[in-house]
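For the sequence shown, the working numbering assigns the number 60 to the initial residue and increments by one for each residue that follows. From the three backbone atoms N, C-alpha and C, an ideal C-beta is built for every residue, glycine too. Reading through the structure tokens given below for one structure.
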Amino acid sequence: MRIQIMYSLPIDDLENISSRLIDIWPNEKKILITGGTGFFGRWFVEAICYLEKKKNSKNKYVIVTRQNKQELICKIKVLAEPFFEILKQDIQYSFKIDSEFHYVINAASDFSKMKNTKESDFGSIVKATKNLLGAIDTTLLNKFLYISSGGVYNISENAHKEDDLKLTSSINVNSYAEAKKQSELLVEALPNSCIARCFSFVGPFVDPKMAVMDMINKKVRKQSIVVHSPMVVRSFMYPSDLVVILFKLLLLKNNSQVYNVGSDYAISLLELAKKISHIDDNSEVLCKDSIESTSLAGKYYYANIDRISVEYGKILTVDLDSALDKTFRFMNNKG
60 MRIQIMYSLP IDDLENISSR LIDIWPNEKK ILITGGTGFF GRWFVEAICY
110 LEKKKNSKNK YVIVTRQNKQ ELICKIKVLA EPFFEILKQD IQYSFKIDSE
160 FHYVINAASD FSKMKNTKES DFGSIVKATK NLLGAIDTTL LNKFLYISSG
210 GVYNISENAH KEDDLKLTSS INVNSYAEAK KQSELLVEAL PNSCIARCFS
260 FVGPFVDPKM AVMDMINKKV RKQSIVVHSP MVVRSFMYPS DLVVILFKLL
310 LLKNNSQVYN VGSDYAISLL ELAKKISHID DNSEVLCKDS IESTSLAGKY
360 YYANIDRISV EYGKILTVDL DSALDKTFRF MNNKG
């Protein structure tokens with residue numbers, strides 16, 4: 060009964076994560092996490108709680124947030140556990156902390172909330188990164204993991220390799236992508252840093268405005284699935300695989316500094332809609348007049364994961380069909 064009350068994520072996903080990380084899970088370490096209440100953070104903190112309970116570790120976690128502590132605990136119940144400390148600060152304006160940390164995860168900026176203007180995005184992301192880097196003491200720091208985006212690459216039909224991007228200090232129109240690039244430049248100056256360029260995901264707590272989540276929502280509500288940009292190409296990683304690889308990047312040795320994190324299985328939105336329509340029973344798929352994608356990701360957005368696969372082995376354990384089915388069942392049960 061306690062498990063059902065405490066966790067909002069599927070227990071089989073948390074068990075999958077635990078089984079793949081428990082042998083490398085730290086003990087008596089202090090870990091700072093920014094962005095611990097969004098999609099990434101929600102999966103982080105529930106996986107952490109599950110592992111801490113299972114291994115009885117003595118780690119401490121400081122979760123930096125702009126939200127009120129009590130409201131946050133009501134929303135994410137695991138944060139009431141004593142190994143979590145909630146620190147209310149907005150790091151895009153200032154950040155102060157006296158503690159030293161063994162590990163830092165900076166996942167503060169949310170792609171789904173970006174407006175792609177210099178005034179709203181660029182300054183806030185880069186300032187937050189500067190403030191965080193300026194405040195932490197690196198004496199005990201084993202690793203600083205920065206969550207970047209696959210959106211930093213120039214749009215093309217190919218899946219870019221990490222070394223295809225040469226970072227410079229120039230700033231172009233796409234403020235979100237440029238902010239991520241400039242933040243990467245700041246972070247890579249640390250000798251013990253790692254950068255994860257994350258792509259697209261499907262699963263519990265992914266932003267419902269994302270095309271794949273909108274399609275699944277319509278399927279749950281037994282509505283027709285509408286595709287506005289049928290030839291747009293994407294790939295999707297299930298969040299349990301995301302959590303495992305990000306913690307491996309944090310806790311294990313990195314041979315490289317920058318890694319693409321996502322799926323390399325590319326699929327058009329039309330084919331994706333057809334897959335979703337066949338879950339349980341057949342649903343209607345409506346293909347509207349094709350429009351060009353206005354997303355920051357462009358028409359083609361999928362990951363080349365050669366580097367991370369060579370260094371860390373198989374990173375995808377949930378295929379797309381399973382990911383779609385698991386997400387549908389989670390959302391259907393919530394409804």
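Exercise for review: Return the chain-ordered list of same chain residues with a C-beta closer than 8 Å to the C-beta of L311, the five sequence neighbours on each side being excluded.
Suggested key: The answer, listed in chain order, is I83, Y371.
Check your understanding: Cα-Cα, which of Y318, K117, D339 is closest to V211?
Key -> Nearest C-alpha to V211: Y318.
Point to revise | Proximity to A402 [Cα-Cα], best of E144, V123, T376 | key: Because the chain in this structure spans residues 60 to 394, residue 402 falls outside the shown range and cannot be described.
Point to revise | Coarse secondary structure for M290, derived from DSSP in three states | key: Coil at M290, not helix or strand.
Practice item. Output the boundary residues of the alpha helix (DSSP H) element that contains Y235. Key: Unbroken alpha helix (DSSP H) run through Y235: 234 to 247.
Check your understanding: Residues in its own chain within less than 6 Å of Y66 by CB, not counting five upstream and five downstream?
Key -> If we look at Y66 and ignore the five residues flanking it on each side, its Cβ neighbours are E105.
Check your understanding: Below 7 Å between beta carbons: does that hold for S183 and Q151?
Key -> The Cβ atoms of S183 and Q151 lie closer than 7 Å to each other.
Review point. Whose C-beta lies closer than 7 Å to the C-beta of N75 among residues of the same chain, with five residues either side of it excluded?
Key: Excluding sequence neighbours, N75 sits near S299.
Practice item. State yes or no: is the C-beta of V320 within less than 7 Å of the C-beta of C257? Key: Against a cut-off of 7 Å, the Cβ pair of C257 and V320 comes out as a contact.
Review point. Tell me the DSSP bridge mates of A255?
Key: In DSSP, A255 forms a bridge with I206, Y318.
**Study point:** Through-space distance from D196 to S158, alpha-carbon basis
**Key:** Cα to Cα, the separation comes out at about 8 Å.
**Study point:** The beta strand (DSSP E) enclosing E144, as first and last residue numbers
**Key:** Run containing E144: 143 to 147, per the beta strand (DSSP E) assignment.
Check your understanding: Distance, Cα to Cα, Q241 vs Y109?
Key -> Spanning the two alpha carbons is a distance of roughly 35 Å.
Check your understanding: Considering only residues of the same chain and omitting the five flanking positions on each side of L199, which have a CB-CB separation below 6 Å?
Key -> Closer than 6 Å at Cβ, skipping near neighbours: E159, H161.
Practice item. Can you say whether V369 is buried or exposed, counting buried as having 16 or more other CB atoms within 10 angstroms of its CB? Key: So V369 ends up on the exposed side.
Check your understanding: Excluding sequence positions up to five away, which residues of its chain have a Cβ less than 6 Å from the Cβ of Y361?
Key -> Closer than 6 Å at Cβ, skipping near neighbours: A218, S294, A325.
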